[in-house]
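Below is one structure; the comments refer to it alone.
Number of protein chains: 2
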Amino acid sequence: MFEFTIQARDGRARVAQFHTPRGTVTTPMFMPVGTQGTVKGISPQELLEIGSQMILGNTYHLMLRPGEALVAAHGGLPGFTAYPGPFLTDSGGFQVMSLGHLRKITEEGVTFKSHLDGSAVALTPERSIAVQEALGADIIMAFDECPPYPAEREYIQRSLERTERWLARCVQAKTRPEQALFAIVQGGVHHDLRQQSLELTLPHDTPGFALGGLAVGEPKEEMYPAVAYTAERLPDHKPRYLMGVGHPEDLVAGIALGVDMFDCVYPTRTGRFGYALTDDGRLNLNASAPRRQLTPLDDECDCYACRHYTRAYLAHLVKAEEMLGPRMLSLHNLRYLHRLVERARGAIQTGTFIAWAQTWSERYFKGAVPVWFQEALRQSGTGFHQTTRDEKK
Amino acid sequence: MFEFTIQARDGRARVAQFHTPRGTVTTPMFMPVGTQGTVKGISPQELLEIGSQMILGNTYHLMLRPGEALVAAHGGLPGFTAYPGPFLTDSGGFQVMSLGHLRKITEEGVTFKSHLDGSAVALTPERSIAVQEALGADIIMAFDECPPYPAEREYIQRSLERTERWLARCVQAKTRPEQALFAIVQGGVHHDLRQQSLELTLPHDTPGFALGGLAVGEPKEEMYPAVAYTAERLPDHKPRYLMGVGHPEDLVAGIALGVDMFDCVYPTRTGRFGYALTDDGRLNLNASAPRRQLTPLDDECDCYACRHYTRAYLAHLVKAEEMLGPRMLSLHNLRYLHRLVERARGAIQTGTFIAWAQTWSERYFKGAVPVWFQEALRQSGTGFHQTTRDEKK
Chain C
1 MFEFTIQARD GRARVAQFHT PRGTVTTPMF MPVGTQGTVK GISPQELLEI GSQMILGNTY
61 HLMLRPGEAL VAAHGGLPGF TAYPGPFLTD SGGFQVMSLG HLRKITEEGV TFKSHLDGSA
121 VALTPERSIA VQEALGADII MAFDECPPYP AEREYIQRSL ERTERWLARC VQAKTRPEQA
181 LFAIVQGGVH HDLRQQSLEL TLPHDTPGFA LGGLAVGEPK EEMYPAVAYT AERLPDHKPR
241 YLMGVGHPED LVAGIALGVD MFDCVYPTRT GRFGYALTDD GRLNLNASAP RRQLTPLDDE
301 CDCYACRHYT RAYLAHLVKA EEMLGPRMLS LHNLRYLHRL VERARGAIQT GTFIAWAQTW
361 SERYFKGAVP VWFQEALRQS GTGFHQTTRD EKK
Chain S
1 MFEFTIQARD GRARVAQFHT PRGTVTTPMF MPVGTQGTVK GISPQELLEI GSQMILGNTY
61 HLMLRPGEAL VAAHGGLPGF TAYPGPFLTD SGGFQVMSLG HLRKITEEGV TFKSHLDGSA
121 VALTPERSIA VQEALGADII MAFDECPPYP AEREYIQRSL ERTERWLARC VQAKTRPEQA
181 LFAIVQGGVH HDLRQQSLEL TLPHDTPGFA LGGLAVGEPK EEMYPAVAYT AERLPDHKPR
241 YLMGVGHPED LVAGIALGVD MFDCVYPTRT GRFGYALTDD GRLNLNASAP RRQLTPLDDE
301 CDCYACRHYT RAYLAHLVKA EEMLGPRMLS LHNLRYLHRL VERARGAIQT GTFIAWAQTW
361 SERYFKGAVP VWFQEALRQS GTGFHQTTRD EKK
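So the protein sequences, as listed, match chains C and S.
Heads up: the first sequence begins at 1 in full-length UniProt numbering, then just goes up one per residue.
Heads up: the second sequence begins at 1 in full-length UniProt numbering, then just goes up one per residue.
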């Protein structure tokens, strides 16, 4: 259980299988976000059809509404949401910071007022684990603090030290062996602080590690060096999860740097706003041109929307504010990201990842590939060597 | 083509097959409403799965946005919407009256300002037919005036006479033989005016007839006698369509009186408001009790929502304003109405329709079956006899 079996490598990028109680997933993978117990607008059957492997649930939202006890009464998130595969829950830490009002952070944990009804709530490492055990995901996350960007260097340091003490309390509080607890490495964009966080975190030897505190507003030119620095210092034989990321270009760059797992609300959120992800960049269905185009959103896509609808029809739905519009765009965008990681996996397996990623990026960025992206690809083939392990064991 | 083959009778109720270019439908049937080229929130695949047979499109909405030319460029509504089965379009008349601003009715037609952008638009019998030919439905409706309730008797009379002149112009304007034009009988709740409208309308011998001008605010005690009076005077061997109806009880009462076709936005609209249709009446998922119920919406339903979700989960989606909530409630409500007509057909075929309808109504109305409903059932077994025809020919 929770074994991570690497099947192919290309530079730092790798394809692996991760075994969870509710099934084996193949990485790199993108996880759709089901904040409130539903991936917005999409049914579990559709998630399975488009190749979703693991769904993320948000502890903060679910503990406030409907409450973890009701989810537990359904046998956890699979029974509650009817998605039969693996789940991951976050710890609630990030959203307490971004959504809770009047939050106060102490060594004990965080107290805040609910964004729903203003009631006072406390979230501690122990409470986060208890809620996540009730929610019953296959992977649960350590309760951490994710400092904003920018933040004082000293604050980030104090925070990452506390995050490690919280991690120790999470490990202590955890009671369900069928759940994998992932630790989270912090340290902002400062490599020395990342190193300190790694030194504090790695000894806990959790079944997976997350790169936290990134994609919170910092420029990509600072984010990706921190991803590269952290990812190559995480154990080779355990999954690496870049939290809250991302856009298509983030997935390709992250995979290049050895990241295995991603999640983001972006595909569904941008879909609700009328945008479709394609290899040519983001298509805006609010614009006038698509209203007359009788072609699919994306010629190469096999999703229900691309197999059945024209851009003109989908643009009509967006204009008319019809529910089927955001539903179909969300479905397409999720499928686009799933296909993107599938294509990346195929390229890794054939040893053509960098070439594939370069070709993809030339088209996606319309010839103007940003330096940070080029640098991520360049670093994919370099860096210090991981301990060699018997990867088939 | 457009043959209506009666397969079973029970009192005035009947089961029949109606042959259209895009397939044969079995009546009585309920038609989901796809106002703007989509049944709100529901995919064509789902419509097929829940037993939808024919979808209604609204001429008024579609001519204003996206415009009938774009729909025609997709090969009509099936190509535009990806629903591969039969369609019916209304004439636009009803919605000009209810949605158009500053509308002016003359012998020529109706001029109005679009509810979308205030632009001046004219709709005439000829234009309605031209738009409906571009939309390409299997059944198209004559352009009529539907007077409000209450309306002056004299106005209703002048209006029904003009509606017949408009019908003659529709018949004249029609060019596509693969579309069946249905005439609409008006006359409000006045039986003598209904008789006059019948006398004017029947000679046009269209492949089907609609009961118009009902369900516009009049009490059920006035509506159903008008339905009974009109339905029994329409040709036995042609489909009868009660427009804009209805609620579950309306379907059962209408079927009892010999109605074959129904349409209404009710199941999707009430679903978006958090209500589920069941044999026990309408379940309000905004209330507190369902939030703790781990049972399906409806034990006897086979829809996706009832097979996968608890009331507690669906109530959570409603409370959290998650798109999947209205989607699943709309799906269930449509399936409920499709199952209701399927059960009615089964009862007609076994000669047990009245007994079934009584049992259904006792439970649905919780013992307080309204007089108008009882009277509709009573009338089902009476009334003057239709011309006997060879029903298998």
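The beta-carbon is built from N, C-alpha and C at its ideal position, and this holds for glycine as well.
Pair within 8 angstroms by beta-carbon distance, residue i and residue j
i: residue 403 (chain C); j: Pro-239 (chain C); result: Shown here, chain C extends from 1 to 393; a query on residue 403 (chain C) therefore has no answer.
i: Gly-57 (chain S); j: Leu-135 (chain S); result: yes
i: Cys-146 (chain S); j: Gly-213 (chain S); result: yes
i: Arg-292 (chain C); j: Ala-312 (chain C); result: yes
i: Val-259 (chain S); j: Ala-231 (chain S); result: yes
i: Tyr-229 (chain C); j: Ala-253 (chain C); result: no
i: Met-243 (chain S); j: Val-131 (chain S); result: no
i: Phe-94 (chain S); j: Ala-137 (chain S); result: no
i: Ala-376 (chain C); j: Leu-251 (chain C); result: no
i: Ser-380 (chain C); j: Ile-354 (chain C); result: yes
i: Arg-363 (chain S); j: Asp-279 (chain S); result: yes
i: residue 394 (chain C); j: Met-31 (chain C); result: The displayed coordinates of chain C run from 1 to 393. Any statement about residue 394 (chain C) would go beyond what the structure contains.
i: Ala-276 (chain C); j: Asp-298 (chain C); result: yes
Three-state secondary structure (DSSP) of residue i
i: Met-63 (chain S); result: helix
i: Asp-390 (chain C); result: Here Asp-390 (chain C) scores only 42 on pLDDT, less than 50, and its place in the model is too uncertain to base an answer on.
i: Gly-11 (chain C); result: coil
i: Gly-254 (chain C); result: helix
i: Val-121 (chain C); result: strand
i: Ala-82 (chain S); result: coil
i: Ala-134 (chain C); result: helix
i: Val-25 (chain C); result: strand
i: Leu-88 (chain C); result: strand
i: Val-39 (chain C); result: coil
i: His-385 (chain C); result: Note on His-385 (chain C): pLDDT 38, under 50, position unreliable in the model; the coordinate value appears next. Note: His-385 (chain C) maps to coil in three-state DSSP.
i: Arg-176 (chain C); result: coil
i: Gly-271 (chain S); result: helix
i: Ile-50 (chain C); result: coil
i: Phe-2 (chain S); result: coil
Strand pairing of residue i, partner residues [DSSP]
i: Asp-263 (chain C); result: C:Met-31
i: Lys-104 (chain C); result: C:Thr-111
i: Gly-57 (chain C); result: C:Gly-34, C:Thr-89
i: Thr-20 (chain C); result: C:Gly-23
i: Val-189 (chain S); result: Val-189 (chain S) pairs with nothing; no bridge assigned.
i: Ala-183 (chain C); result: C:Phe-209
i: Leu-283 (chain C); result: C:Ala-276
i: Met-97 (chain S); result: In DSSP, Met-97 (chain S) forms no bridge with anything.
Extent of the continuous alpha helix (DSSP H) run through residue i
i: Ala-289 (chain C); result: That residue, Ala-289 (chain C), is in no alpha helix (DSSP H); it is neither H nor E in DSSP.
i: Phe-353 (chain S); result: 353-364
i: Gly-346 (chain S); result: 324-349
i: Val-171 (chain S); result: 153-173
i: Tyr-229 (chain S); result: 220-233
i: Tyr-304 (chain S); result: 304-308
i: Leu-242 (chain C); result: Per DSSP, Leu-242 (chain C) belongs to no alpha helix (DSSP H); it is in the beta strand (DSSP E), 240-242.
i: Val-318 (chain S); result: 311-319
Partners in chain S for residue i, counting only beta-carbon separations shorter than 8 angstroms
i: Tyr-304 (chain C); result: Ser-43, Gln-45
i: Phe-87 (chain C); result: Within chain S, no residue comes near Phe-87 (chain C); the closest Cβ sits about 15 angstroms away, beyond 8 angstroms.
Interface residues of chain C facing residue i [CB-CB closer than 8 angstroms]
i: Glu-49 (chain S); result: Those within 8 angstroms of Glu-49 (chain S) in chain C number zero; the least Cβ separation is about 11 angstroms.
i: Met-29 (chain S); result: Going along chain C, no residue has its Cβ under 8 angstroms from Met-29 (chain S), so there is no contact; the nearest lies around 22 angstroms.
i: Ala-8 (chain S); result: Ordered by position in chain C, no residue passes the 8 angstroms Cβ test against Ala-8 (chain S), which lies about 36 angstroms from the chain.
i: Lys-113 (chain S); result: Going along chain C, no residue has its Cβ under 8 angstroms from Lys-113 (chain S), so there is no contact; the nearest lies around 19 angstroms.
i: Lys-319 (chain S); result: Arg-65, Pro-66
i: His-332 (chain S); result: Within 8 angstroms Cβ-Cβ: nothing; His-332 (chain S) doesn't reach chain C, min ~13 angstroms.
Limits of the unbroken beta strand (DSSP E) element including residue i
i: Tyr-275 (chain S); result: 275-278
Residues that residue i contacts on chain S, provided the C-beta gap is smaller than 7 angstroms
i: Glu-322 (chain C); result: Gln-36, Thr-38, Lys-40
i: Ala-73 (chain C); result: Leu-294
i: Leu-70 (chain C); result: Ala-312
Proximity test, residue i beta-carbon vs the ligand MN heavy atom, cut-off 7 angstroms
i: Thr-35 (chain S); result: Absence of the ligand MN is noted for the structure shown, with no ligands found whatsoever.
Where residue i meets chain S, residues with beta-carbon distance less than 9 angstroms
i: Pro-326 (chain C); result: Met-323
i: Arg-291 (chain C); result: Pro-66, Leu-70
is_contact[residue i, chain D] using C-beta, thresh 8 angstroms
i: Ala-130 (chain S); result: You won't find chain D in this structure, because its protein chains are C and S.
Under 7 angstroms by beta carbon: chain C residues contacting residue i
i: Phe-80 (chain S); result: Tyr-313
i: Tyr-309 (chain S); result: Ala-82
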